[in-house]
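>
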Amino acid sequence: MGLLFLVIFQIYLYYLDDLLIVTAFIHITLKGTGRLILIYSRKTFTVGIICLLFIGFFIFYHLHKPVQTPPQKNKHSVVKKKEYIPVVEYNGGSHLKEIGQKVRQKNWGTLTLVDRIKVNNTFTVSPMVIKVNDVKIIRLSNLTKQTKEFLRGYTGLSNEEAYQLFTEKNLSNEEIQDRVELSRTEIGNNTTYLEITYSVKNTGSKELQFFSIENVKLNHKWSYKVPEENFILSDDTLIGAKSVSRVDYRPGESRKGTIGLLNESDSSIRKITSFSFTTDDLLDGDSHHLLAKPKTFTINF
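When we follow my numbering, the leftmost residue of the sequence shown carries the number -17, and every step to the right adds one.
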């Protein structure tokens, strides 16, 4: 726009000079009227007027031109990048190390680490040595239909409680199954569970019958019967949940285990403040004589 103004102004000066010097002249006559007569070149005058109009328009435009302010960025309208969540085949909880970390387990759902306590403590029911490695709170989301049905089977009445209905109330199998089904909890899109990783070693010279973590209590509030409520089958827990079915520990044998326990309560668990567990009886593998009664170990954080 500035360049256009200079060009028009040059044209105007050119023709103005012509108007004043070359073609404009004044004849003053004294015909008794005293009037001033201006003789001019029509072409020159017209061009001059056009130039003046352009200059006037240019000045008017810049005086009334609206001030353009740069667009303000809305601090609330932040475009979020799509979150990358790694995909694993199985044992999704074992991949979670930092609070807030997520993994997606195939044909299962998304796992998010809510809290983690690195215990790394050793507990002894001589000669059995138990090492608790980690205690985690994990949130499950985006669960598949099959996963929800699977987890639902670990809610409500346990097999032991159902058997008590049979022996104490003399109910039929059909009646017991109805009560068990009614006690089940529907698994929603989000739920949490407790995950415990540990190892057990028989440091003695005899075969021993032992279940290292029989019962669990979290935050002095939530109680679990591991053999019936654990939904993660691993090396130690896969071998047997009851004394009569458990394979004995050979001398020097070590096993690793992972336990998963659903939070069925209406209140969510966000922080681990304490963890306690009770062992099973320690029995001789051959004679099945009692060698040690159950022990309870408690850790406060």
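Cβ atoms here follow ideal geometry from the backbone N, Cα and C, with glycine treated the same way. Values in this document were obtained by computation on a predicted structure and should not be read as measured data.
(1) With the cut-off set at 8 Å, would you say residue 237 and residue 182 are in Cβ contact?
(2) Rounded to whole angstroms, what is the Cα-Cα separation between residue 267 and residue 186?
(3) With which residues is residue 257 paired in a DSSP beta bridge?
(4) Work out the CA separation of residue 263 and residue 77 for me, nearest whole Å.
(5) Let's see if you can read the secondary structure: which residues bound the beta strand (DSSP E) around residue 273?
(6) Could you tell me whether the Cβ atoms of residue 145 and residue 184 are closer together than 8 Å?
(7) Nearest by alpha-carbon distance to residue 193: which of 154, 152, 167, 239 is it?
(8) Quick one: using the 10 Å Cβ neighbour count with 16 as the cut-off for buried, is residue 148 buried or exposed?
(9) What is the DSSP secondary structure of residue 9, reduced to helix, strand or coil?
(10) Which value, in whole angstroms, describes the spacing of the CA atoms of residue 282 and residue 102?
(11) Look at residue 94 and residue 134 and say whether their C-beta atoms are less than 8 Å apart.
(12) By Cβ distance, which residues of its chain are closer than 6 Å to residue 83, with the 5 residues on each side in sequence left out?
(13) If you check the beta carbons only, do residue 91 and residue 129 fall under 8 Å apart?
(14) Have a look at 139, 65, 196 and flag the residue whose alpha-carbon is nearest the alpha-carbon of residue 86.
(15) For residue 197, which option in 190, 205, 117 has the closest C-alpha, if you only look at C-alpha atoms?
(16) Please list the terminal residues of the continuous beta strand (DSSP E) segment that includes residue 98.
(17) Could you give the first and the last residue of the continuous beta strand (DSSP E) run that contains residue 115?
In brief:
(1) yes
(2) 12 Å
(3) 200, 281
(4) 33 Å
(5) 272 to 274
(6) no
(7) 239
(8) exposed
(9) Because the pLDDT of residue 9 is 39, which lies under 50, any placement of that residue in the model is unreliable, and the question is left without a value.
(10) 13 Å
(11) no
(12) 95
(13) yes
(14) 65
(15) 205
(16) 91 to 107
(17) 110 to 123
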